[in-house]
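**Q** In terms of the numbering used here, the sequence shown is residues 2 to 101.
The structure follows.
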Amino acid sequence: MAERTITWARNASIELRSILEFYAERNQSTTYSQWLLREMNYRASLIAHFPKIGRVTDRKDIRIFPFQHYGILYKFSESKIHILSVWDFRRNPDDRIDKR
Numbered sequence: 002m003a004e005r006t007i008t009w010a011r012n013a014s015i016e017l018r019s020i021l022e023f024y025a026e027r028n029q030s031t032t033y034s035q036w037l038l039r040e041m042n043y044r045a046s047l048i049a050h051f052p053k054i055g056r057v058t059d060r061k062d063i064r065i066f067p068f069q070h071y072g073i074l075y076k077f078s079e080s081k082i083h084i085l086s087v088w089d090f091r092r093n094p095d096d097r098i099d100k101r
C-alpha cells in the first residue's frame, strides 16, 4: 500500500506556527524551532506509516500521538492522515483555538 498523504487542518498549522514562533522569540534563535519542526514532520511521517500508533480518544475516529510535551491529534483513512491539532500539554485547554 502507498504511503498516506498528510494534510494539516488550518488550526493545526496555526497552533504549530505559534509554538515555533514562541520558541524562536524566547530563545532569540530559530535553532530549536527548526529542530522541533523536523521532529513534528517526522512524527507525522510515522503516523502516515503506522496510523494506529496513536492512542484512541473519546471520539473513536480521532487519535492522539504524544511527543515530548505535545499531542498530535489526527484522523486517518486508507489514503490520508489529517492532522487536526498540535497541542502543548502544558497549556490551559481553555486556550485552544478550536475547542472540540
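Note that the Cβ used here is the ideal one computed from N, Cα and C, for glycine as well.
Just so you know, these numbers come straight off a predicted model, no measurement behind them.
Taking DSSP as the reference, what is the three-state secondary structure of His-50?
**A** Helix, per DSSP.
**Q** Can you give me the start and stop residues for the alpha helix (DSSP H) that Ile-84 sits inside?
**A** Element bounds for Ile-84: not the alpha helix (DSSP H) but the beta strand (DSSP E), 81 to 89.
**Q** Relative to the C-alpha of Leu-38, which residue among Arg-18, Ala-49, Ile-82 and Ser-78 is closest?
**A** If we check each option's Cα against that of Leu-38, Arg-18 comes out closest.
**Q** Rounded C-beta distance between Arg-36 and Ile-84? I'm assuming under 8 Å.
**A** For the sequence presented, residue 36 should be read as Trp rather than Arg. Actually they do not touch by this definition, with Cβ atoms about 19 Å apart.
**Q** Kindly indicate which three-state DSSP category Thr-31 falls into: helix, strand or coil?
**A** Coil at Thr-31, not helix or strand.
**Q** Give the DSSP-derived three-state secondary structure of Arg-1 in the structure shown.
**A** Nothing can be reported for residue 1: it is not among the residues displayed for the chain, which extend from 2 to 101.
**Q** When the Cα atoms are used, what is the spatial distance from Thr-6 to Ala-49?
**A** Taking the straight line from one Cα to the other gives about 7 Å.
**Q** Along the chain, where does the beta strand (DSSP E) containing Ile-65 start, and where does it finish?
**A** Run containing Ile-65: 64 to 68, per the beta strand (DSSP E) assignment.
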